[in-house]
Amino acid sequence: MLVCLAFSNQFTTPIYLEVPKNWPKPHYDFSKNPLTEEGFQLGRNLFYDPIISRDNTISCASCHLQQTGFTHVDHDLSHGIEGRIGTRNSLALVNLAWSKDFMWDGGVNNLEMQPINPITNPLEMDEKLEHVVAKLQRSEKYKALFTSAFGDEKVTSQRLLKALAQFTVMLKSSNSKYDKVMRKEAVFTKEEQNGYELFKANCASCHTEPLFSSDKFENNGLKPDAVLKDGGRIKITKNNKDSLRFKVPTLRNIELTYPYMHDGSIKNLAMVLFHYTEDIYQSPTLSKQLVKKMELNEQEKGNLLLFLRTLTDEEFIRNPRFQYPR
Amino acid sequence: MIKNGIVVALLFLACFKSNSQIKTDSLSLTFKVKFNQLPAAFGKPFITSNKDTIVLETFRCYISNIEIQYADQSVFKQNNSYHLLDLENPNSLVIPITTKSDKVIRKVTFNIGIDSITNTSGALSGDLDPVKGMYWAWQSGYINMKMEGKSSSCKTRKNEFQFHIGGYLQPYYAMRKMEFLYDKKTTQLNIAIDLNDFFTNIKLSETNSIMIPGKQAMQLANYSTQMFHLE
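Top to bottom, those sequences are chains H and W.
Just so we're aligned: the first sequence equals residues 200 to 525 in the numbering used here.
Just so we're aligned: the second sequence equals residues 48 to 278 in the numbering used here.
This is the structure:
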């Protein structure tokens with residue numbers, strides 16, 4: 200075992216996720232999956248490869264596109280193989296190192312285990328993990344990639360999942376205008392500044408800076424979809440207090456990641472603000488912050504939207520290291 | 048070069064030693080899956096105490112954290128002690144534990160299922176590899192015990208019953224600790240798993256498909272402990 204480690208260390212290049220100044224400590228345990236350039240590149244290839252779906256048509260990137268902040272725009276619900284349609288809006292993959300759990304209901308407890316969900320979900324990739332392992336084991340390309348990452352060509356689900364996590368954990372967005380303003384490298388316009396103040400007063404208790412998510416579960420007053428009947432977090436905890444609660448999504452790159460909400464029911468940001476000010480659905484688990492009506496006039500809404508646009512990180516959505524591997 | 052040679056030689060020796068241990072010198076824990084005291088088998092109909100006729104198709108179960116306490120107060124704790132018992136694979140039912148000794152064994156303990164820390168530890172290998180079909184995708188976590196089969200009592204599709212028992216989040220933490228007093232010397236510990244002692248507790252016409260963590264899984268986990276008997 201030690202000999203293997205010594206060998207693999209000789210041929211791999213360690214890489215690190217740099218934690219931005221004033222950000223919290225990442226939740227992901229890097230000690231159990233030390234990042235290497237080779238592991239990252241293997242994960243990147245896997246992320247963009249439809250080989251992991253049953254009919255080899257859909258990859259992770261099918262629903263998580265870099266240009267749109269690693270989510271799927273224009274579709275309210277995620278799509279799977281053979282035109283199948285899922286039950287929730289795909290989440291943006293960003294700053295995952297800081298997430299404690301994953302999916303809208305938090306059902307997945309570790310970033311490494313997340314891919315099992317879309318791979319095996321009949322409405323998504325409808326594949327079996329052991330088939331993916333077998334397909335990769337037959338591929339000359341992956342024999343080479345697994346060898347460079349792990350020292351030998353053996354494909355296991357553990358290696359596959361750790362490599363995918365090495366790629367997705369590196370998807371860090373921390374260079375938006377907001378970040379530059381915080382680092383005093385840029386300044387907000389007057390309207391953006393006003394929007395930021397409104398944001399702190401009305402939104403930040405759940406969309407907590409700097410990740411723009413508390414990583415908790417909340418009922419944000421969205422009327423439940425009559426067809427989907429999705430109770431959210433309660434499905435995992437079986438606790439009535441969690442009925443209609445969903446993971447608070449990050450607002451980073453929010454301008455790009457439409458439509459919004461777990462069911463994709465709100466098409467644009469102006470409608471999101473309408474929802475929070477005028478259209479809250481009352482239910483016993485409604486977040487306490489939303490019980491009192493949120494008051495924003497049209498000018499304030501405009502300023503808030505301008506602030507939200509400062510969360511767009513052009514460097515992140517164009518970072519060549521995250522692109523389709525060539 | 049010489050150094051490498053020595054390492055390789057040592058590795059060879061280590062392999063040799065552990066192999067021989069498994070074959071001859073080790074104390075092992077052997078599980079015997081039964082139905083009403085007769086060996087359980089797939090495809091063969093059994094009648095439960097509740098008069099349900101069942102045909103078993105799957106029996107898999109995790110056994111973890113095996114510990115032997117000796118009369119002299121010493122304790123053996125197995126490292127990385129996670130074992131998947133699978134009735135389909137007889138080798139999996141014999142778990143080599145430690146070297147034989149003539150010490151009196153006071154107590155044997157193990158868990159049915161997987162502890163919560165392991166459940167949140169990310170991608171694992173060996174018996175804990177999620178390709179073993181004992182891992183839930185939509186809600187992370189290991190299935191501690193899987194029993195599937197058919198019974199005419201089940202008014203379900205193809206008369207199937209399916210019990211996937213697990214869950215690691217409180218209050219539905221379904222792992223169960225087992226403890227057996229022994230007070231003897233031995234070279235082989237035999238534990239019977241009598242499925243009838245599980246099915247005695249349920250009416251298959253009413254309870255036939257539990258595949259999520261929760262209250263019912265906790266109840267089934269309690270029933271599952273009744274199957275284990277030290278022989």
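Glycine included, C-beta positions come from ideal geometry on N, C-alpha and C.
For glycine 169 (chain W), there is no enclosing beta strand (DSSP E), as DSSP gives it neither H nor E. When W:Thr234, W:Ala221, W:Gly173, W:Val178 are compared, the shortest CA-CA separation from glutamine 263 (chain W) is found for W:Ala221. Counting along the chain, threonine 105 (chain W) sits inside the beta strand (DSSP E) bounded by residues 100 to 117. Spatial neighbours of phenylalanine 301 (chain H) in its own chain (CB-CB distance under 6 Å, excluding positions within 5 residues in sequence) are listed in chain order as Val307, Gln313. When C-beta distances to chain H are compared with 8 Å, the residues of the stretch 213 to 226 of chain W below that value are Leu216, Tyr219, in chain order. The Cβ atoms of threonine 346 (chain H) and glutamate 352 (chain H) lie closer than 7 Å to each other. Here the alpha carbon of lysine 250 (chain W) sits roughly 43 Å from the alpha carbon of asparagine 255 (chain H). In this structure, the alpha-carbon of serine 139 (chain W) lies about 10 Å from that of tyrosine 109 (chain W). For aspartate 244 (chain W), the three-state secondary structure derived from DSSP is helix. A Cβ of chain W is located within less than 7 Å of the beta carbon of methionine 312 (chain H). Residue-level contact check: isoleucine 435 (chain H) touches chain W, since one or more beta carbons of chain W fall below 7 Å from its beta carbon.
What glutamine 357 (chain H) touches in chain W, judged by beta-carbon distance under 8 Å, is Ala170, Leu171, Ser172, Asp176, going in chain order. Between the alpha carbons of glycine 501 (chain H) and threonine 476 (chain H) lies a distance of about 13 Å.
DSSP places glycine 305 (chain H) outside any beta strand (DSSP E), giving it a letter other than H or E.
Among the bridge pairs identified by DSSP, phenylalanine 78 (chain W) is matched with W:Ile238. By the Cβ rule, the stretch 154 to 168 of chain W does not count as touching the stretch 352 to 371 of chain H, because fewer than three pairs are nearer than 8 Å.
H:Glu236 is the residue among H:Glu236, H:Glu329, H:Gly285 whose C-alpha sits nearest the C-alpha of isoleucine 214 (chain H). Taking 7 Å as the cut-off, the Cβ atoms of phenylalanine 210 (chain W) and leucine 132 (chain W) do not count as close. Using a Cβ-Cβ cut-off of 7 Å, glutamine 186 (chain W) is close to Gly306, Ile435 of chain H, given in chain order.
Proximity of lysine 361 (chain H) to chain W, defined by a Cβ-Cβ separation below 7 Å, is satisfied.
In this structure, glycine 431 (chain H) lies away from leucine 421 (chain H), with their beta-carbon atoms at least 7 Å apart.
Note that the C-beta distance between tryptophan 303 (chain H) and arginine 283 (chain H) is not below 7 Å. Taking 9 Å as the upper bound on Cβ-Cβ separation, chain H lies near residues Asn166, Thr167 of the stretch 156 to 167 of chain W.
Contact between methionine 192 (chain W) and glycine 160 (chain W) holds: CB atoms are separated by about 7 Å, below the 8 Å threshold. By the C-beta density criterion, aspartate 441 (chain H) is buried, having at least 16 other C-beta atoms within 10 angstroms.
In this model, alanine 425 (chain H) and glycine 463 (chain H) are separated by some 14 Å (Cα to Cα). DSSP places glutamate 135 (chain W) outside both helix and strand once states are collapsed to three, so it counts as coil.
Shown here for lysine 124 (chain W): same chain residues with a beta carbon closer than 7 Å to its own, the five before and five after excluded, namely Glu114 in chain order.
At a C-beta separation below 7 Å, valine 354 (chain H) has no neighbours in chain W, since its nearest C-beta there lies roughly 11 Å away.
Leaving aside the five residues that flank isoleucine 190 (chain W) on each side, the residues in its chain whose CB is nearer than 6 Å to its CB run, in chain order, Met181, His211, Gly213. If the five residues before and after phenylalanine 245 (chain W) are omitted, its C-beta is found closer than 7 Å to the C-beta atoms of Tyr270, Ser271, Gln273, Met274, all from its own chain and listed in chain order. If you check the CB distance, aspartate 325 (chain H) and isoleucine 251 (chain H) do not come in under 7 Å. Serine 271 (chain W): not part of any beta strand (DSSP E); member of the alpha helix (DSSP H) spanning 262 to 272, first to last residue.
Cα atoms of leucine 503 (chain H) and glutamate 207 (chain W): separation of roughly 56 Å, rounded to the nearest angstrom. The beta carbons of valine 141 (chain W) and serine 75 (chain W) sit closer together than 7 Å. Note that the C-beta distance between cysteine 259 (chain H) and serine 289 (chain H) is not below 7 Å.
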